[in-house]
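Residue numbering for the sequence shown is 30 to 547, as defined by our numbering.
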Amino acid sequence: MPDDRPQGAPRHPRDMSLAELLEADPATLPEYADPKGRTILTKHRRRAIRECAAMGIDASNGDHALYICAAKGINVFGGRGPSMLGLAAGAGARTVDRRGKSDGDDGPGSSVMQAPVMLEPGRDLAGYQPATEAEREAEIRKIRRGLVRRRRRRLLGLALRLIVFVLLPTALVGYYYFNVATPMFETESEFVIQTAESPAGAAGGIGGILAGTGFATSQDSVVVQGYLSSREAFRRLDAEHGYIAHFQDPAIDGIQRLAPDASLDAAYDYYLDKVTIGYDPTEGVIRMAVIGATPEASQRFAEALIGYAEERVDGLTQEARGDQLRVAEDRYREAELDLERAEQRVLNLQEQRGVFSADVELNSQMSIINNLEMEAENRRLSLSEMLNNPQPNQTRVDVLRSEIARLDARIAELRGQLTQASDSTVSLARISAELRMAESALETRYIILQESVAAMETARLEAARQVRYLSLGVAPVAPVEATYPRKLENTVLAFIVFFGIYIMASITVSILREQVSV
């Protein structure tokens, strides 16, 4: 095929023979470009270098190796190339049994193990001398030593990374927990809310069924749990027992110590970290754990919080009891006013009618009528006796008849006063009815007043006494030994955390490196 290039122009490496490529300076070779337009990646260059190493050719760089593989007709773009370990095994398999060849025997001893290579037309292997067996063995040993060195370097790098990123931080954490961290003491307590209210109001229905169980006071328990975790309880504890100053003590290590210039919000967050409140709704038990720098302080804080909780839970019904007392006092004052009005009405009736007591007046009137009737009856008997005489004294008869008439008239007049009213007087029956009604109203007001007095006294007793109690199942007792820090457990946990972070970071870096190299 004629060469159309001008005389003296340099030949393209793709047009060079294998011998010319081996003799050419790799630094002067241009970057390899695939004739089919395929993209040349780093993995293709690495595979070309491995193919050259398998043939015993020492390629200077990836482009040099690609030109050599193209000259030998090796496709580095398809399939999987030989591995580094396969190079060592393949080098011995492609050796020629020179002993069989020298004997001129075409049997198994004279077979060539190297696979045939398809060459492109116009290309030859002039000037190429295959490596000897000793050279191949030396190259295999060199590759193996390189693999061992690379493996050692990787193991050393792994060990250094583990030391720097896992063991050293774990050692620092362990040193802090075992030698620097200030011991903290935790006081635990358990309590339930009891009620002293009369169960009469909840004797029937669901209230009677739940009375005496944890569900009956579950609402109070939830309120207490929220109160102990509130800023109000924190500020009261600090005001009465110096909570913030206790944890700002310079004797506490810098990590656990509350900063001297800490704000109230930061101190409150610190309080929530040191005080743990839990509530079991099935049992109705509230569990509290309080941490302090000294056993006495932790016990003092726990007892103070329990006292605050008891005051708060008792105060939940204080407003209702106070309202009951106010209602009872108002009813008492109204009963007093009604009683005064009833008494005034009775008094006015007595003054207006001129009768102190209708019953007494009626009895007196009836007594007079009875006496007059008896006297009139006696006069009638006397008159009857005189009329039975043959010659009665007419004068005496007239006198008796006149007396009987006057007595009957008086009796009729008195009876008329009992039931009949005149223009100037009121009947005694009406007076009696009015007085009886007024006195009945007065008696009713007396009864209402007595009931209001009893209700007011009961409300006063309820308002003054405590109706909610915190019954301690586990009293707060100061611990003898420090509860925190848990040195061994925290150190092991730190090791697991650092090791997990290292593993995740290593996997992430490996994935990113693989994505970049593709």
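The C-beta atom is built at its ideal place from N, Cα and C for all residues, glycine as well. Note that the structure is a prediction, hence the values are computed from the model and not measured.
Check your understanding: Are there 16 or more other CB atoms within 10 angstroms of the CB of Ala268, so buried, or fewer, so exposed?
Key -> Exposed, by the Cβ-count rule.
Review point. How about Met317 and Ser250: are their beta carbons less than 8 Å apart?
Key: Taking 8 Å as the Cβ cut-off, Met317 and Ser250 do not qualify as a contacting pair.
Exercise for review: Check each candidate in Glu80, Gly91, Thr537 and name the one with the smallest Cα separation from Asn104.
Suggested key: Of the residues Glu80, Gly91, Thr537, the one whose Cα lies closest to the Cα of Asn104 is Glu80.
Practice item. Decide if Ala405 is buried, meaning its Cβ has at least 16 other Cβ atoms within 10 Å, or exposed. Key: Residue burial is scored here from C-beta neighbours: Ala405 has at least 16 other C-beta atoms within 10 angstroms and is therefore classed as buried.
Review point. For the alpha helix (DSSP H) that contains Val252, what are its first and last residues?
Key: Counting along the chain, the alpha helix (DSSP H) containing Val252 begins and ends at 247 to 257.
Review point. Taking Cβ positions, are Ala82 and Gly91 nearer each other than 8 Å?
Key: In this structure, Gly91 does not lie closer than 8 Å to Ala82 by Cβ.
Practice item. For the beta strand (DSSP E) holding Ile315, just list the boundary residues, first then last. Key: 314 to 321 is the span of the beta strand (DSSP E), which, as asked, contains Ile315.
Check your understanding: Nearest-angstrom Cα distance between Leu116 and Arg181?
Key -> Its pLDDT being 45, under 50, Leu116 is placed unreliably by the model, and the measurement read from it follows with that caveat. Straight-line Cα distance between these residues: approximately 20 Å.
Practice item. Return the residue from the list Glu442, Gln277, Arg409, Arg444 that minimises the CA-CA distance to Ser431. Key: The shortest C-alpha to C-alpha distance from Ser431 to any of Glu442, Gln277, Arg409, Arg444 is the one to Arg409.
Exercise for review: Would you mind reading off the limits of the alpha helix (DSSP H) that contains Glu166?
Suggested key: Residue range 162 to 191 is occupied by the alpha helix (DSSP H) that includes Glu166.
Review point. According to DSSP, is Gly529 helix, strand or coil?
Key: Collapsing the DSSP output to three states places Gly529 in a helix.
Review point. Measuring CA to CA, which of Glu372, Lys65, Ile97 is closest to Ala48?
Key: By alpha-carbon distance to Ala48, the top candidate from Glu372, Lys65, Ile97 is Ile97.
Check your understanding: How is Arg76 classed by DSSP in three states: helix, strand or coil?
Key -> It is helical.
Exercise for review: Would you mind working out which of Gln394, Pro212, Asn407, Ala200 sits nearest Asn442, comparing C-alpha positions?
Suggested key: Per the sequence presented here, residue 442 reads as Glu, with Asn not at that position. For Glu442, the nearest C-alpha among the options comes from Gln394.
Check your understanding: By Cβ distance below 6 Å, which residues in the same chain neighbour Val304 in space, the five residues on each side in sequence not counted?
Key -> Here the set comprises Val319.
**Study point:** Gln394 (DSSP reduced to helix, strand or coil)
**Key:** In the structure shown, Gln394 falls within a helical segment according to DSSP collapsed to helix, strand and coil.
Review point. Contact between the region 495 to 511 and the region 207 to 217: three or more CB pairs below 8 Å?
Key: Verdict: yes, contact present.
Exercise for review: Report the rounded CA-to-CA distance for His73 versus Arg67, giving the unit in angstroms.
Suggested key: Each residue's Cα considered, the two are about 11 Å apart.
Review point. Run through DSSP, which three-state label would Phe106 get?
Key: Note: Phe106 maps to coil in three-state DSSP.
Practice item. Would you decide whether Leu354 is buried or exposed? Buried here means 16 or more other CB atoms lie within 10 Å of its CB. Key: Leu354 comes out buried.
Review point. Over what stretch of residues does the alpha helix (DSSP H) that includes Leu301 continue unbroken?
Key: Element bounds for Leu301: 293 to 303.
Practice item. Identify every residue that forms a DSSP beta bridge with Arg408. Key: Answer by DSSP bridge pairing: none, since Arg408 is not bridged.
Point to revise | Cutoff 8 Å; reference Ile440; Cβ partners in own chain excluding five residues on either side | key: So the list reads Ile398, Leu401, Glu402, Ala405, once near-sequence residues are dropped.
Check your understanding: If you count every other CB in all the chains shown that lies within 10 Å of the CB of Glu149, and 16 or more means buried, which is it?
Key -> The pLDDT assigned to Glu149 is 48, lower than 50, so where the model puts this residue is not dependable; a value taken from the coordinates is nonetheless given after this. Exposed is the call here.
Point to revise | Residues that DSSP places opposite Gly307 in a beta bridge | key: BP columns for Gly307 point to Arg316.
Point to revise | Span of the beta strand (DSSP E), counted from its first residue to its last, around Ser218 | key: First-last of the beta strand (DSSP E) with Ser218: 214 to 224.
Practice item. Compare the C-alpha of Leu499 against each of Glu339, Ile306, His270 and name the closest. Key: With distances taken between Cα atoms, Leu499 lies closest to Glu339.
Point to revise | Straight-line gap, Tyr513 to Thr199 (C-alpha atoms, nearest Å) | key: About 18 Å.
Practice item. Taking 8 Å as the cut-off, decide whether the C-beta atoms of Leu412 and Ile433 are in contact. Key: In contact: Leu412 and Ile433 (Cβ atoms closer than 8 Å).
Check your understanding: When the Cα of Asp87 is compared with those of Glu491, Ile169, His41, which residue comes out closest?
Key -> Residue Ile169 is the option with its Cα nearest to Asp87.
Review point. Where does Arg497 sit, in a helix, a strand or coil, going by DSSP?
Key: Reduced to three states, the DSSP call for Arg497 is strand.
Check your understanding: Cα separation between Leu20 and Glu380?
Key -> Absent from the model: residue 20. The displayed extent of the chain is 30 to 547, so no value can be given.
Check your understanding: Roughly how many angstroms lie between the CA atoms of Gln20 and Val253, to the nearest whole one?
Key -> Outside the displayed range of the chain (30 to 547) lies residue 20, so it cannot be described from this structure.
**Study point:** Helix, strand or coil at Val521 according to DSSP, with G and I counted as helix
**Key:** In the structure shown, Val521 adopts helical secondary structure according to DSSP, grouped into three states.
**Study point:** Status (buried if at least 16 other CB within 10 Å, exposed otherwise) for Val342
**Key:** Taking a 10 Å sphere around the C-beta of Val342, we find 16 or more other C-beta atoms and assign the residue as buried.
Point to revise | Completely contained beta strand (DSSP E) runs for the region 336 to 372, where each covers 3 or more residues | key: Runs of the beta strand (DSSP E) inside the region 336 to 372: none found.
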